[in-house]
Every structure is written in C-alpha cells, then in structure tokens.
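In my numbering, the protein residues as written are 1 to 265.
To start, the structure under review is shown below, and the notes come after it.
Right under this line is the structure:
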C-alpha cells in the first residue's frame, strides 16, 4: 500500500513527479534514502538521453562578493524560455553562481548531479554552459545583470570609484566592447577588418592611392566602437570610458560579458 507521506517527502526533496517518486519508493522497499538514490541514478540516465538536445535558452547569474574583491558570471541553458522561468531552474541558477564565485571552472563538474536531478524534474536538457570569475587585490570587481536575465557583465577596476563601478559594468553590458584597449585587439581581427574595408573601397571604385587613407579611417572607427576605453560613455556622451576613468585615476583591467545563447546554433 502506498505511503503518501513518504511519497510527499521524496517529491518535496527532489521536485520529481508523483508517479516517479512512487515507483522509486517501490523499488527501494519504501526506504526514503534508497529511493533518493534510485532517482539520482535515473536522473543521470535521463540527462544523458537529453544531452544532445539543443539548450539555447536560459538565463545568466551574476554575483559580487561583499568586499568587491571577487565576482562571477555564469550562463545556464535550457531548451525553452518557459523552462528558464521555472522557479526550480531560477533557484538552480542562484546555486550555480554561489558555487562559481568560490570554485570557478570547477563549478560545472561539482554540480553535475544536481543538474541531472533538475533535468529529470523539468524534463528538458540543462547545461551549465560557462562560468567566469574575476578577482583582485588592489582594485574592485563590479557586476550588472540586465532585468531580462539574459545579458550581463562583470568588470575589474584598478580602484574603487563608487557608483561608477557598476555603471561601467552596465556600459559593458549595453555597448558590448570586444576588448579594453586597442593593443588587445588580436592581429587576425585587424587583418580581417583591413581586408574587408579595402575590398569595400575598391568595390566602390575608389582610386588605389586613397584606399589606404579610407582603410585607416575605418579602422579608427572600428576601434572606437570595439575598445572599451575608446567607447563613448553611455551615461555621458561627451566623454569616453577611458577619459572618465582617467579623471578618477582608475582603469578597467578586465571584463567578461555574456549573453544567453550567443554563438549557439
């Protein structure tokens, strides 16, 4: 005879459906802990079966330590936007970022079992796609997550500049720079842009002797749009991010910006 109290407890502890909880308890002779082991094993099997299904929806999580010395950002994917709004999925994202700020890249394997259990409960493939952390001794780390939960950033600054800390993270989120400064742009990126601009100028019938000048001008524009310190600051269009931080005696050392699903098919 079914023990409803035990079924309820297993369901509350796992989030798995009523029928699966009952079956697990039956297999475990109505021992709750053994039933949890049964479900854990079954969730791993179910997760493996769903692993080849594309998970391109989801949400980000961002967390900054109280002392502003550490920050983390993570992308957790699922198959549908509906599942991404599931309360258990949102709580799992919170769990991921709490582990991430301490464990960094080790977060993904550490939470494999918990992820598999959630796959079993929600019925969709779930992936902790990527995790990044920033840590500083002398400066500060700030972060921003847009209200839609799908785009955000963490930044490392050389010194604490008050409200500007978070504003820089918001700027990175909004304007999506590639690098902090021009000297960080990969040579292959410069080469590719140069080739494209040259081809465009020649296609428009521009004479060879002025093509070089056109290419240089377009490269300057590309840098002003792609390099954080050259971008026009979103809160004050009369100055660049680099100029703003320079007035405060600060620099942006590094940043990480994520957007859910970017680069995924």
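Each residue gets a CB set at the ideal place from its N, CA and C atoms; glycine is no exception.
{"Asked": "How about the stretch 214-223 and the stretch 135-148: do they share at least three Cβ pairs that are nearer than 8 Å?", "Found": "no"}
{"Asked": "Near residue 88, what residues of its chain come up, given a Cβ to Cβ distance below 8 Å and the 5 sequence neighbours on each side ignored?", "Found": "15, 118, 121 and 122"}
{"Asked": "So residue 78 packs on residue 57, CB below 8 Å; how close in whole Å?", "Found": "6 Å"}
{"Asked": "In whole angstroms, give me the CA-to-CA distance for residue 48 and residue 31.", "Found": "Any reading at residue 48 must be qualified, since the residue scores a pLDDT of 44, below 50, and its modelled position is unreliable; the value itself is stated next. C-alpha separation (whole angstroms): 26 Å."}
{"Asked": "State the start and end residues of the unbroken beta strand (DSSP E) segment that holds residue 64.", "Found": "57-64"}
{"Asked": "Cβ of residue 75 within 9 Å of Cβ of residue 258?", "Found": "yes"}
{"Asked": "Under three-state DSSP, which class holds residue 199?", "Found": "helix"}
{"Asked": "With H, G and I counted as helix, E and B as strand and the rest as coil, what does DSSP make of residue 260?", "Found": "coil"}
{"Asked": "Can you list, in chain order, the residues of its chain with a C-beta nearer than 6 Å to that of residue 92? Leave out the 5 residues immediately preceding and following it.", "Found": "118"}
{"Asked": "Starting from residue 225, follow the alpha helix (DSSP H) in both directions and report where the run begins and ends.", "Found": "208-226"}
{"Asked": "Give the straight-line distance between the Cα atoms of residue 98 and residue 180, rounded to the nearest whole angstrom.", "Found": "27 Å"}
{"Asked": "Quick check: the stretch 242-262 against the stretch 171-180, are there 3 or more CB pairs under 8 Å?", "Found": "yes"}
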